[in-house]
Each structure stands twice: as C-alpha cells, then as structure tokens.
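One structure is given here, and the rest of the page talks about it.
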Amino acid sequence: MARPDGQSPQEETEALKPYGAQPPLAALITCVAGASSPTRLRLSSGSCRVGAGPGNDLVLEDKAVSRDHLELELCPEGVRVRDLGSRNGTFYLGQRVQEMTLGLGSRLTLGCTELSIAADVEDFEGTSPDGPKRYGALLSQAPSMRYLFALLGRLEGSLVNVFIQGESGTGKELIARAIHEHSRVRGGPFVALNCGVLDRALVRSELFGHKKGAFTGAVAASPGAFESAEGGTLFLDEVGELPLDVQPMLLRAIESGSIARLGETHELAVNVRVIAASNRDLQDEVDDGNFRLDLYHRLMVVKLSVPPLRERPEDTRLLAQHFASEVGLPSLPEDVLSELEGRRFPGNVRELKNALLSYAAVGLLPDAAPKRPEQLEQVLAELLDVRRPYAEQKEEVVQHMTQVYLTLLMQHTGGNRSEAARIAGLQRGYLRRLLEKYGIS
0 MARPDGQSPQ EETEALKPYG AQPPLAALIT CVAGASSPTR LRLSSGSCRV
50 GAGPGNDLVL EDKAVSRDHL ELELCPEGVR VRDLGSRNGT FYLGQRVQEM
100 TLGLGSRLTL GCTELSIAAD VEDFEGTSPD GPKRYGALLS QAPSMRYLFA
150 LLGRLEGSLV NVFIQGESGT GKELIARAIH EHSRVRGGPF VALNCGVLDR
200 ALVRSELFGH KKGAFTGAVA ASPGAFESAE GGTLFLDEVG ELPLDVQPML
250 LRAIESGSIA RLGETHELAV NVRVIAASNR DLQDEVDDGN FRLDLYHRLM
300 VVKLSVPPLR ERPEDTRLLA QHFASEVGLP SLPEDVLSEL EGRRFPGNVR
350 ELKNALLSYA AVGLLPDAAP KRPEQLEQVL AELLDVRRPY AEQKEEVVQH
400 MTQVYLTLLM QHTGGNRSEA ARIAGLQRGY LRRLLEKYGI S
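Each residue of the sequence shown is one higher than the one before, counting from 0 in numbering that gives the first Met the number 0.
Written as structure tokens, this is what we have:
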C-alpha cells in the first residue's frame, strides 16, 4: 500500500535500516612534501605500514624516517596513527605523538616528509543516483536529492567533518540532523549554532564558553557549543559569517580537539563531530580574504550541495502534502496545489512550509489573490461562538493570529530577531517580549 507521502513499505525499510552499516569512508595517504612509492596510497579497510623499508605499503625516500616508522588504520573517526618506535618520531601540529586518532583532512610529519590524510571523495563516484526517496525526516522524489540521500547513506560509517552548501531554506539543518541521527554518535547531543545571528562580541563565548567575570554580564560560568556537543555533533550554520579573528580558534579546536573557555588558560579536551553549512560560496569568501584557507580545507573534508526547490519542481506537491498532514490537514485542494506548483519559492522549502502553516491557520496562501474570499469567513465561523462575549473571543483570535504571524516571521528570517523586528515594524525589545510570551524561539 502506498503511503501518503508516496513512500512504499520497501522504501521505508531502506530508510530505516540500521545506521553504521556502511564501512568508513576510504582515506587517501599522499606524500605532499618529500618522495614516496607509491605517491598516493588508498586505505579502504584494515591498516597499512609506512616507513623507509621496502616491505612497507608506503615507502618513503627519507633518511630521517625509520625502516618501519608507523602504522595507519582506518576507523570511523578517520585514521588511527601508531608510531612503531621510530628513531626521529611522528609529529602532528608540531607535537610528537605515539598513538592517536586523526580526522580526515589532517597532516603528519615524519622526518623531512609530510603526509596528507584526506577523504577519498572519489569513492562517491560509484554512488547510485537512484537513491531512496526518504532519508530520516527528509523527503524527495527529485533525482538530485535522491543522489544526495545515497551519499548520506554512504557517510553513515564515518565521522568525518561535512560541509553543506545550499541556499537559505533548503533544509541544511535537517540534513545535518539526519547525518547525526544515522551516525555512531547518534546517542550524543546535536547542538546547532547559527553563526549569522550571533552578537560579534559574544561569538567566542557562544563557541567555547566563558568563566564567571570573563566580561561584563558574565555573572556565572557557562559552557559553549563545543562543550555542550561533547560526544555528539556540533552544527555550525552560516559558518561564513564568523569573524576573522575567531576563525583561528575554531581551526585549532577542530585540529587539536581541545578548547579554552573565555577568561581561562587551561584547555579542555572535547570529542565533537563538526558539520558546517553556508548559503555563500566559501571559496569566494576565501578569495576575498574573508575566510581562512586552512579552516576552509578542514571543514570541506566532504562537501554536499543541496539544490534549491525551484530546480526540483516535482517535490513541491510531495512536500506540500507532507506539511499539510503534519498540521492536521487530510489533503489539499487541487487549486491550492496548482498555485503552489506555479511559484518559484526563493525561500525554498522553508517558504513552502510557511505557506502551508498560513493556509492551515486562515485558509489562504500568503501573497495570493483570495480566489475564495469566503474561506477566511468560514474559518472564523468555525472558531467563534455567539454564546460567548465579543471582547473575549476577539482577544483569542488576535492571540492566535499573533502566534501564527510570529512563528512565520521567525522562520522567514531564520531566527534573526533584528530583521524580524524591522519587517514587523516593532521595537526589538517588544518583539522579544512577544516571542517569550508565546514561547517562540
């Protein structure tokens, strides 16, 4: 039997299969400074040995490298590094290491040789474009999205850093949450931080926390996003908005796995998987000097691109019916579906969902000519009771309208209160009090 969202039982089973069934993403070990044979080694399972001796999987032409120098083993977090008692040591970020786990996108130094440990994104080339129509809370029947779902399934066995590129409203946070929920750290927290709406003066505190008295208003110690995401996933939305002076701190936190709260000098180890997103092209930001190249590479271990809704019009009807069922509407009239299919939705899926919330609340699509003016009257007739006082019911209607309006407004602005206050024509403080009153985040 077909489901309301068009998903068959077989597709549902595929969407709900156990996480972690896929093997970890393969690693490419490349000699970027020095000479080796081969110049690049693909590690798709198990382990490999590196050294100057001819019996190694990767032979380095470096007199400062021991005959049997180190062992690399593929794991969900990246690659486990184990020094085999080398004479001159193995170094990461200038520190000698004996045994540790490195994320893909890292570099090691052995003698005069530098090795790059990167994700084998070419491994994606064999991914079937005919992926499932559902992945977690994500729905689509467009080929481009089904291919993306297949890629997400391929990532289930790894904990590599992921970067999601897409326009505002395409569902980047939903994709990040789906990645988390299908990963080995799904039992840990999922913490989302929108870098685009942070007060510039508080960015460091929001990321890394602060101790009591670290700045005016810091009346108590507070953990930051990294600490809160310990053992889970930290999603950094609109990461391209981070100030340049904070970017080196984020880079160090990702590379070293440690942070220091604002106002403190001792560091705290954190085990966090980072997923970042932006509606900007970060390569352009790098070229313009607004984003660090080294941080760019650390975030771009795996890059996923989300197509806008206008490029997958076959999803409009599917998603509209899905959102309608979420708010308790059994089905949508054909004229409403046709109206929605004729729109380009510059705000993407978020705008479509807001349109359905508006329709559910007042019986009309936003910015649409009221083809049936009696719809609003019909909705009000169902809400009103002539046996109750006029003033009392007027207040209830106004409250419902205010709550729906504020919900749609905050979704439209992506949680940006300053922009919401400007659009609504309200003082920011008054808007904040309204949001608190109606429990809208």
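Where is the CB? At the ideal position from N, CA and C, for every residue including glycine.
Check: residue i C-beta below 6 Å from any heavy atom of the ligand ZN
i: H411; result: You won't find the ligand ZN in this model; it holds no ligand whatsoever.
Host beta strand (DSSP E) of residue i (start-end)
i: R386; result: Note, R386: premise wrong, no beta strand (DSSP E); not H, not E.
i: Y91; result: 89–91
i: A29; result: Checking the sequence shown, residue 29 turns out to be Thr, not Ala. First-last of the beta strand (DSSP E) with T29: 26–32.
i: E113; result: 112–118
i: F162; result: 161–164
i: E98; result: 98–101
i: L107; result: 105–109
i: A191; result: 189–193
i: D67; result: That residue, D67, is in no beta strand (DSSP E); it is neither H nor E in DSSP.
i: R309; result: Unbroken run through R309: none, as it is neither H nor E.
i: S46; result: 46–50
Alpha helix (DSSP H) segment containing residue i, residue limits
i: E180; result: 171–180
i: I422; result: 416–423
i: L151; result: 142–153
i: R431; result: 427–436
i: L157; result: The question names Leu, but residue 157 in the sequence shown is Ser. Premise fails: S157 is in no alpha helix (DSSP H) and is neither H nor E.
i: R349; result: 347–361
i: R339; result: Arg is not the amino acid found at residue 339; the sequence shown has Leu there. Here the alpha helix (DSSP H) through L339 covers 333–340.
i: V202; result: 202–207
i: S227; result: 224–227
Proximity of residue i and residue j at Cβ, strictly below 7 Å
i: A51; j: V64; result: yes
i: R251; j: H209; result: no
i: V285; j: L292; result: yes
i: V190; j: S227; result: yes
i: L27; j: R41; result: yes
i: L308; j: V348; result: yes
i: A275; j: S257; result: no
i: V238; j: A118; result: no
i: L192; j: A136; result: no
i: L206; j: G231; result: no
i: G33; j: T89; result: no
i: F148; j: M299; result: no
i: Q392; j: L383; result: yes
i: L57; j: L69; result: no
i: S115; j: T29; result: yes
Neighbour-count burial assignment, residue i, 16 or more Cβ in a 10 Å radius
i: S182; result: buried
i: E435; result: exposed
i: K132; result: buried
i: P369; result: With a pLDDT of 45 at P369, under the threshold of 50, the modelled position of this residue cannot be trusted, and the question is left open.
i: F290; result: buried
i: A219; result: exposed
i: I422; result: exposed
i: S139; result: buried
i: F322; result: buried
i: S105; result: buried
i: R311; result: buried
i: P37; result: exposed
i: D287; result: exposed
i: A380; result: exposed
i: A419; result: buried
i: E340; result: exposed
i: P75; result: buried
i: P17; result: Confidence at P17 is low in this model, with a pLDDT of 48, below 50, so the placement of that residue is unreliable and no value is reported for it.
i: A390; result: exposed
i: G170; result: buried
i: M400; result: exposed
i: K62; result: exposed
i: T315; result: buried
i: H265; result: exposed
i: R176; result: buried
i: Y134; result: buried
i: V396; result: exposed
i: R386; result: exposed
i: K211; result: exposed
i: F234; result: buried
i: G424; result: exposed
i: L103; result: buried
Integer Cβ distance of residue i from residue j, believed to fall under 8 Å
i: G45; j: S167; result: Going by Cβ atoms, the distance from G45 to S167 rounds to 43 Å, so no, they are not a contact pair.
i: G130; j: L101; result: 30 Å between Cβ atoms; not a contact.
i: T406; j: I439; result: 6 Å
i: S417; j: R427; result: 6 Å
i: R272; j: V184; result: 6 Å
i: L92; j: E338; result: About 56 Å; that fails the 8 Å criterion.
i: Q164; j: V305; result: 7 Å
i: Q320; j: E155; result: Not a contact, Cβ separation roughly 28 Å.
Within the segment 237–306, ranges of the alpha helix (DSSP H) (whole runs, at least 4 residues): 246–255, 281–286, 292–298
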